[in-house]
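**Q** Please find one structure pasted underneath; my questions will follow.
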Amino acid sequence: MRKIYLSTFVTIFCCLVAHVQSATVECSNPPPGVQKLVRGVDITRLDMVPMQIIGSNGFMSPVLSFTCNSGRTWRSPSGSQYELPDQVWHMTTLPSGWLSAEATLYKSYEDIRRSMTTEVGGSGSIWKFAFSASNNYMKFQNTIANNSRFISVVSAFESATRVDFNPSWVLELDRFAAMFIERRISGTFESNPAAYNRFIEIFGTHYLSTGQFGGYIRVSYETSSSYFYSKSDTEVKINAKASFLKIVSANGGSVSGSTTVDSRFTSESIETVRYFGGNTNLLSQSGITSWQPTVDADPWPFSGILTPISDLISTDETKRVSMVKAVNNHVMKSHLDELDRLVRTAQSKFGNPVLDTLLNRINAQKIKAILVESEVESLSQDVALQLIVPEWFRTNTQLCYKWRADGDGGQCGGGAANLLCATPNLMTPFYRDDSDRRGGGCRMQWGIHPAGFPLGLTK
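If you read the sequence shown in this note's numbering, its first letter stands for residue 38, the second for the next number, and so on.
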């Protein structure tokens, strides 16, 4: 009888050991780029393609870890074979090339937020408060709000791959993230906000359930708002894309399409070029053709679909629901800091009792441990009402000067139309006064230009 029990015990023990060993087989050769997607992200700070590659850019500690028990492999377009992690559902290459480059225009900071949200597939009401602490977002916001410039961005990718992770109800959290939730978090968010906030500080708010990575070129143009006012959106996009293709061509890339750029667009724009993925040092040394082959070994994640980390909390419904509340609260707190920044900037330019009242309301919200979304949204709308110039005023309102000759028509006008108009921030066409018929005359223009607070801040 003892032999039977001993044999049974040994059999069970061996099976358990085999199971544990098979469940912890790490991937020694996963596809390049996939490992970058295991990190959590904080949507208040996220920059998928940062203007400055310094700091975390919103990427936090890992929330996923890979195993390679199934023995699946994936072969790249170049023929290299890699282990496919068990957590990956599907991988595929994406059609790419410089012809796919598209221009996006930012005339307001809400345009920036919407575009950044689209890049990561964000959905839900909380996204209207996202990216408030993102370096890219703050830089572009400052350009529009304080420098009277609008922005056009052109980008394209090369040698790109898409990876889809398993559904959230199949994936498991990285062991350290899971350990934190199990050991360090207790109760609800309302009863223990500090623990949930600490988790977010370490691991972030979301993870990339789908990621796209490869070689990426992004060019931004900060162009005077007067140029935008004098051109249609289509004309601005055509010039931005032509300028982008001109850069690619100058660096040895093969392009098809116009590279003729309006000289005024060039002279009135500040150009910033950024390359991501591969050995970017080769770009300055040998150009794009030398850079492209290096991308496969070190691709850059440039877009994807973000999913809440809370979706990975499957064993405790209370903690899952509380994590949703904690993330929403975290994002709204960051947005309050953004509102504070905007109002203080406006205060520095002109005194207004309404701004003082708004700042008091912002401070009253900031000291609350738990925020109410409707209250933050109402405050955000009130700030926008005071600071943002409506689109209808910027495009449909004109200052006009009407004149007519009384008697000798050669004394005035200088060939100008009888009605001279201009939208805000622009000057009317010249009117020439030549009343005494001597040589020369007075050439005059009129316009509406706010002092210290440019009309670039639009919605």
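Heads up, the beta-carbon is just placed ideally off N, CA and C, and yes, glycines get one too.
Who pairs with Val191 in a beta bridge, going by DSSP?
**A** Residue mapping note: residue 191 aligns to position 154 of the sequence shown, counting from 1. In DSSP, Val191 forms a bridge with Ala140, Val256.
**Q** How many angstroms separate the CA atom of Gln58 from the CA atom of Asp348?
**A** Within the sequence shown, the letter at position 21 stands for residue 58. Within the sequence shown, the letter at position 311 stands for residue 348. Note that Gln58 scores a pLDDT of 42, beneath 50, so its modelled location is shaky and nothing firm can be said.
**Q** DSSP beta-bridge partners for Asp470?
**A** The residue labelled residue 470 in the question sits at position 433 within the sequence shown. Note: Asp470 sits in a beta bridge opposite Cys449, Cys479.
**Q** Given this structure, state the Cα-to-Cα distance separating Gln124 from Pro427, to the nearest angstrom.
**A** Indexing the sequence shown from 1 puts residue 124 at position 87. Indexing the sequence shown from 1 puts residue 427 at position 390. Going from the Cα of Gln124 to the Cα of Pro427 covers about 47 Å.
**Q** Between the region 219-234 and the region 80-89, do three or more beta carbon pairs fall short of 8 Å?
**A** With the cut-off at 8 Å, the region 219-234 and the region 80-89 do not touch.
**Q** By the 10 Å Cβ neighbour count, where 16 or more other Cβ atoms means buried, how is Ala140 classified, buried or exposed?
**A** Start at 1 with the first residue of the sequence shown, and residue 140 comes out as number 103. Answer is buried; the Cβ neighbour count reaches 16.
**Q** Give the DSSP-derived three-state secondary structure of Lys439 in the structure shown.
**A** Numbered from 1 along the sequence shown, position 402 holds the residue referred to as residue 439. DSSP places Lys439 in strand when its eight states are reduced to three.
**Q** Using alpha carbons as the reference points, say which of Arg76, Gln322, Ile407 lies closest to Arg212.
**A** Residue mapping note: residue 212 aligns to position 175 of the sequence shown, counting from 1. Of the candidates Arg76, Gln322, Ile407, the one whose C-alpha sits nearest the C-alpha of Arg212 is Arg76.
**Q** Please report the straight-line C-alpha distance between Gln118 and Ala182, rounded to a whole angstrom.
**A** Numbered from 1 along the sequence shown, position 81 holds the residue referred to as residue 118. Numbered from 1 along the sequence shown, position 145 holds the residue referred to as residue 182. Spanning the two alpha carbons is a distance of roughly 49 Å.
**Q** Work out the CA separation of Leu379 and Cys458 for me, nearest whole Å.
**A** If you number the sequence shown from 1, residue 458 lands on position 421. If you number the sequence shown from 1, residue 379 lands on position 342. For Cys458 and Leu379, the distance between alpha carbons rounds to 32 Å.
**Q** Output the distance between the C-alpha atoms of Ile425 and Gly116, rounded to the nearest integer angstrom.
**A** To locate residue 425, count along the sequence shown from 1; it is residue 388. To locate residue 116, count along the sequence shown from 1; it is residue 79. Distance between the alpha carbons of Ile425 and Gly116 is about 53 Å.
**Q** Runs of 3 residues minimum, wholly inside the region 157-234: which ones carry the beta strand (DSSP E) assignment?
**A** List check, beta strand (DSSP E) in window: 186-202.
**Q** Taking 6 Å as the limit between beta carbons, can you name the residues of its chain near Ile307, skipping five residues before and five after?
**A** What you label residue 307 is simply residue 270 of the sequence shown in a count that begins at 1. Taken in chain order, the residues that qualify are Glu259.
**Q** Applying the criterion that 16 or more other CB atoms from any shown protein chain within 10 Å of the CB defines a buried residue, is Met505 buried or exposed?
**A** Only positions 38 to 496 of the chain appear in this structure, which leaves residue 505 out of reach.
**Q** What did DSSP end up calling Ala406 once you bin it into helix, strand or coil?
**A** Locating residue 406 in the sequence shown gives position 369, counting from the first residue. If DSSP states are grouped into helix, strand and coil, Ala406 belongs with coil.
**Q** How is Phe250 classed by DSSP in three states: helix, strand or coil?
**A** Position 213 of the sequence shown, counted from the first residue, corresponds to residue 250. The answer is strand: DSSP assigns Phe250 an E or B state.
**Q** Mind checking whether Gly158 and Gly341 have CB atoms under 8 Å apart?
**A** Position 121 of the sequence shown, counting from 1, holds the residue named residue 158. Position 304 of the sequence shown, counting from 1, holds the residue named residue 341. The answer is yes: Cβ separation under 8 Å.
**Q** Please go through the same chain and pick out, in chain order, the residues whose beta-carbon is closer than 7 Å to the beta-carbon of His486, but skip the five residues on each side of it.
**A** By one-based count along the sequence shown, residue 486 stands at place 449. Asn462, listed in sequence order.
**Q** Where does Val125 fall in DSSP's three states?
**A** On the sequence shown, residue 125 is found 88 positions in, with the first residue counted as 1. Correct three-state label for Val125: strand.
**Q** Starting from Glu63, follow its DSSP beta bridges and name the residues at the other end.
**A** Position 26 of the sequence shown, counted from the first residue, corresponds to residue 63. Answer is none; Glu63 lacks a bridge partner.
**Q** Could you name the residues that DSSP lists as bridge partners for Gly484?
**A** In the sequence shown, the residue the question calls residue 484 occupies position 447. The partner list for Gly484 (beta bridge, DSSP) reads Met464.
**Q** Sorted by chain position, which residues of the same chain lie with C-beta nearer than 7 Å to Asp335's C-beta, five sequence neighbours on each side aside?
**A** Mapped onto the sequence shown, residue 335 falls at position 298. Correct list, in chain order: Pro69, Gly314, Gly315.
**Q** Once the 5 residues before and after Cys479 are set aside, which same chain residues still bring their CB inside 6 Å of it?
**A** Translated into the one-based positions of the sequence shown, residue 479 becomes position 442. So the list reads Asp470, once near-sequence residues are dropped.
**Q** Please list, in chain order, all residues of the same chain as Val273 whose beta carbon is under 7 Å from its beta carbon, the five residues on each side excluded.
**A** The residue labelled residue 273 in the question sits at position 236 within the sequence shown. Leu142, Ser189, Phe265, listed in sequence order.
**Q** If distances are taken between C-alpha atoms only, which option among Gly161, Lys165, Ala138 comes closest to Arg151?
**A** For the purposes of this step, residue 151 is identified with residue 114 of the sequence shown, where counting begins at 1. Comparing Cα positions, the closest option is Lys165.
**Q** Please look up how many angstroms separate the CB atoms of Gly252 and Val332, rounded, as I've assumed it's under 8 Å.
**A** Position 215 of the sequence shown, counting from 1, holds the residue named residue 252. Position 295 of the sequence shown, counting from 1, holds the residue named residue 332. Confirmed, about 4 Å.
**Q** Quick one: is Gly388 buried, meaning 16 or more other Cβ sit within 10 Å of its Cβ, or exposed?
**A** Working through the sequence shown from its first residue, we reach residue 388 at position 351. That one is exposed.
**Q** Flag this pair as touching only if the region 96-109 and the region 167-178 have three or more C-beta atom pairs under 8 Å; answer yes or no.
**A** The region 96-109, when compared against the region 167-178, does not touch it at the 8 Å Cβ threshold.
**Q** Taking DSSP's pairing of strands, which residues face Ser323 in a bridge?
**A** Here residue 323 refers to the residue found at position 286 when the sequence shown is read from its first residue. Answer is none; Ser323 lacks a bridge partner.
**Q** Per the contact definition of three or more C-beta pairs closer than 8 Å, is the region 365-372 in contact with the region 273-286?
**A** Segments in contact, no.
**Q** State the Cα-Cα distance for the pair Asp443 and Trp483, rounded to the nearest angstrom.
**A** The count along the sequence shown starts at 1 and reaches residue 443 at position 406. The count along the sequence shown starts at 1 and reaches residue 483 at position 446. Taking the straight line joining both Cα atoms gives about 22 Å.
**Q** What does the alpha-carbon distance come out to for the pair Arg112 and Ser300?
**A** Residue 112 sits at position 75 when you count from the first residue of the sequence shown. Residue 300 sits at position 263 when you count from the first residue of the sequence shown. Their backbone Cα atoms lie some 46 Å apart in a straight line.
**Q** Is it buried or exposed, Ala454, if we count other Cβ atoms within 10 angstroms and call 16 or more buried?
**A** Here residue 454 refers to the residue found at position 417 when the sequence shown is read from its first residue. Per the 10 Å Cβ criterion, exposed.
**Q** On the CB-based measure, 16 or more other CB atoms within 10 Å of its CB, does His127 come out buried or exposed?
**A** The count along the sequence shown starts at 1 and reaches residue 127 at position 90. The residue in question, His127, is exposed, as its Cβ has fewer than 16 Cβ neighbours within 10 Å.
**Q** Assign Arg151 to one of three DSSP states: helix, strand, or coil.
**A** Here residue 151 refers to the residue found at position 114 of the sequence shown. Helix.
**Q** So what does Pro345 bridge to, in DSSP terms?
**A** Within the sequence shown, residue 345 is the residue found at index 308, counting from 1. Answer is His243, bridged to Pro345.
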